[in-house]
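Numbering (my numbering), first residue to last: 15 to 498. Even glycine gets a Cβ: it sits at the ideal position worked out from N, Cα and C. Owing to the predicted nature of the structure, the values given are computational and were not obtained by experimental measurement. One structure below.
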């Protein structure tokens, strides 16, 4: 079928001249092709599958099929005619798909396909605020940030300086015979070695330490955060379930190789490597002999997290008047491979701090995140030492310094030379923000100084090269470039 793409503008088509060949009446037109009937049939029997814009010719419109009418139309009129018909067809197609609303008079009473309302949010037409970042807009932000950060850093350092702390490395301490303790226990892990470390009075300062005082042990190069080390534990066993099978994650620290039916309690690598040094802080007053040193009263309790004590550790139930030792022995529990004491011997003087509920064990079982760490060992008992026979009222509110001398008496057991580590004792107070750690305060001050420098730089750029906001808004494609 001829179409307008093949239209010859110099020789308009004419049925009488035979320029249009093999033209058959479309199947959707009636035999009566009069202008009136054809137009009516076209309006009421539209089928877009049988009728497309690419296949339409002048014969598809009955009111223009006469040869006389075709000859009177020039090619410009026919082009415009076809364009109008294409537009009508596209509009009807859009109406049928619900993309636009039909506002024609003949269809105003007909049902209209509802259009889907698109929100401004989905259409990305919401009102937005887009700031213009210039050199002049940076200083008003940088200078306040600098003041705030420097002030916070100074406050943190102020509280940090209120913390009093002394640290002593005793890795290479010697016994009374002058032998290195780490060499003795490397040869025989069960050997006994004690050493005494005198604490210089100058390290404590001249003023008494006020407030709560704590004793920590610190280790270096000890990777408690190793994946296999962290999971090497049996949480069910630590909750008192000692009659069940030991968790396989504890291997090879789950059971002895030669004792059938026995198991380690507690099992796992964490428990097996429990910090075992015994540290005692001793003191004497001025004028007393060295043999007059006596221990400072400390508390072995209230050093672990309450959440750990209440939710993660529990001793097995004692039935029929049995002791903790009898319950563990009947279940087949033995001490871990590298322990010197059994689980029921950690604190026999206090049943609430013995067995799995021992707070030294609980503190150690909370793995540290870094290879260099400290853990709370003892807390100087300022509240209950009045009931002790050797009570000294000077320790009621802190740690006395003037007229007092101190030393550490250490039972050296924990090996660190094998992994090239060190161990230390730290005596410290606390502040409103916790222990001594100047890093956070220094970090805030450094960030504040950086903000101050940035503010000064951009302020100079703004004063030297900057433009006003109105000048920035008036810049367009025709604005001449100026290097000044």
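**Cβ distance (whole Å) where residue 213 is taken to contact residue 420 below 8 Å** = With 8 Å as the limit, residue 213 and residue 420 qualify as a contact, their Cβ atoms being about 4 Å apart.
**Prompt:** Do the segment 163-179 and the segment 429-448 make contact, defined as three or more Cβ pairs closer than 8 Å?
**Reply:** In the pairwise beta carbon analysis, the segment 163-179 is classified as touching the segment 429-448: at least three pairs are separated by under 8 Å.
**Close-in-space but distant-in-sequence residues of the same chain around residue 263 (CB under 8 Å, 5 per side omitted)** = Excluding sequence neighbours, residue 263 sits near 245, 246, 247, 248 and 282.
**Request:** Compute the Euclidean distance between the alpha carbons of residue 280 and residue 254, then round it to the nearest angstrom.
**Result:** In a straight line, the C-alpha of residue 280 is about 10 Å away from that of residue 254.
**Request:** Leaving aside the five residues before and after residue 480 along the sequence, list all residues of the same chain whose C-beta is less than 8 Å from its C-beta, in chain order.
**Result:** Its chain contains 148, 149 and 150 as the residues whose beta carbon lies nearer than 8 Å to that of residue 480, once the 5 sequence neighbours on both sides are disregarded; these appear in chain order.
**Message:** Using C-beta distances below 8 Å, list every residue in its chain close to residue 358, excluding the 5 sequence neighbours before and after it, in chain order.
**Reply:** A distance below 8 Å between beta-carbons, with the five flanking residues on each side excluded, links residue 358 to the following residues of its chain, in chain order: 337, 338, 339, 342, 368 and 369.
**Request:** Taking the CB atoms as reference points, tell me whether residue 167 and residue 459 lie closer together than 8 Å.
**Result:** In contact: residue 167 and residue 459 (Cβ atoms closer than 8 Å).
**Asked** Nearest to residue 227 by CA position, among 494, 452 and 390, is which residue?
**Response** Comparing alpha-carbon positions, the option among 494, 452 and 390 lying closest to residue 227 turns out to be 390.
**Request:** For residue 221, I'd like the list of residues in its chain whose CB is within less than 7 Å of its CB, leaving aside the five on either flank, ordered along the chain.
**Result:** Same-chain partners within the cutoff: 415.
**Message:** Three Cβ pairs or more, each shorter than 8 Å: is that satisfied between the segment 463-473 and the segment 158-175?
**Reply:** Touching, yes, given that three or more Cβ pairs across the two stretches are closer than 8 Å.
**Asked** residue 231 to residue 184, Cα distance in whole Å?
**Response** Roughly 10 Å between the two C-alpha positions.
**Item:** For residue 334 and residue 313, the rounded distance between their alpha carbons
**Value:** Approximately 31 Å, taken between the alpha carbons.
**Local Cβ density within 10 Å of residue 102, reported as buried at 16 or more and exposed below that** = When all chains shown are included, residue 102 counts as exposed.
**Prompt:** Hey, residue 152 and residue 474: beta-carbon distance below 8 Å or not?
**Reply:** No. Outside cutoff.
**Asked** Applying the criterion that 16 or more other CB atoms from any shown protein chain within 10 Å of the CB defines a buried residue, is residue 392 buried or exposed?
**Response** By the neighbour-count definition (other C-beta atoms within 10 Å, threshold 16), residue 392 is a buried residue.
**Prompt:** With a Cβ-Cβ cutoff of 8 Å, do residue 418 and residue 299 count as a contact?
**Reply:** Cβ distance < 8 Å, so residue 418 and residue 299 count as in contact.
**Item:** Chain-order list of residues whose beta-carbon lies under 6 Å from that of residue 60 (same chain, five-residue window excluded)
**Value:** For residue 60, the predicted model reports a pLDDT of 47, less than 50, meaning its position is unreliable; a value from the coordinates is still stated below. Excluding the 5 residues flanking it on each side, residue 60 has no same chain C-beta neighbour closer than 6 Å.
**Prompt:** Among 325, 95, 146 and 450, which one has its Cα closest to the Cα of residue 484?
**Reply:** Of the candidates 325, 95, 146 and 450, the one whose C-alpha sits nearest the C-alpha of residue 484 is 146.
**Asked** Considering only the beta carbon of each residue, do residue 252 and residue 326 sit closer than 8 Å?
**Response** Yes.
**Request:** Check each candidate in 447, 286, 353 and 373 and name the one with the smallest Cα separation from residue 317.
**Result:** It is 373.
**8 Å Cβ cutoff met for residue 347 and residue 453** = Not in contact: residue 347 and residue 453 (Cβ atoms no closer than 8 Å).
**Prompt:** Among the residues of its own chain, which have a CB less than 7 Å from the CB of residue 140, if the five just before and after it don't count?
**Reply:** 134, listed in sequence order.
**Prompt:** Do you know whose CA, among 94, 330, 291 and 193, lies nearest residue 366's CA?
**Reply:** Measuring from the Cα of residue 366, the nearest candidate turns out to be 330.
**Prompt:** Below 8 Å between beta carbons: does that hold for residue 288 and residue 384?
**Reply:** No.
**Request:** Alpha carbon to alpha carbon, how far is residue 156 from residue 237? Give it in angstroms, no decimals.
**Result:** About 41 Å.
**Message:** So for residue 105, helix, strand or coil by DSSP?
**Reply:** Helix.
**Collapsed DSSP secondary structure at residue 448 in the structure displayed** = Correct three-state label for residue 448: strand.
**Sequence-distant residues of its chain with Cβ nearer than 8 Å to residue 219 (five each side left out)** = Excluding sequence neighbours, residue 219 sits near 178 and 415.
**Message:** Here's the rule: buried if 16 or more other CB atoms are within 10 angstroms of the residue's CB, otherwise exposed. What is residue 301?
**Reply:** Residue 301 is exposed by the Cβ-count criterion.
**Message:** If distances are taken between C-alpha atoms only, which option among 424, 351, 266 and 171 comes closest to residue 188?
**Reply:** Nearest to residue 188 by alpha-carbon distance, out of 424, 351, 266 and 171, is 424.
**Asked** Just the Cα atoms here: how many angstroms apart are residue 410 and residue 364?
**Response** Answer to the nearest angstrom: the Cα atoms are 23 Å apart.
**Item:** CB of residue 379 within 8 Å of CB of residue 284, strictly
**Value:** In this structure, residue 379 sits near residue 284, with a CB-CB distance shorter than 8 Å.
**Prompt:** At which residues does the alpha helix (DSSP H) containing residue 321 begin and terminate?
**Reply:** It spans 320-325 - the alpha helix (DSSP H) in which residue 321 sits, taken as one unbroken run.
**Item:** Closest Cα partner of residue 309 within the set 186, 293 and 321
**Value:** That would be 293, whose Cα lies nearest to the Cα of residue 309.
**Request:** Compute the Euclidean distance between the alpha carbons of residue 478 and residue 172, then round it to the nearest angstrom.
**Result:** For the pair residue 478 and residue 172, the Cα-to-Cα distance works out to about 39 Å.
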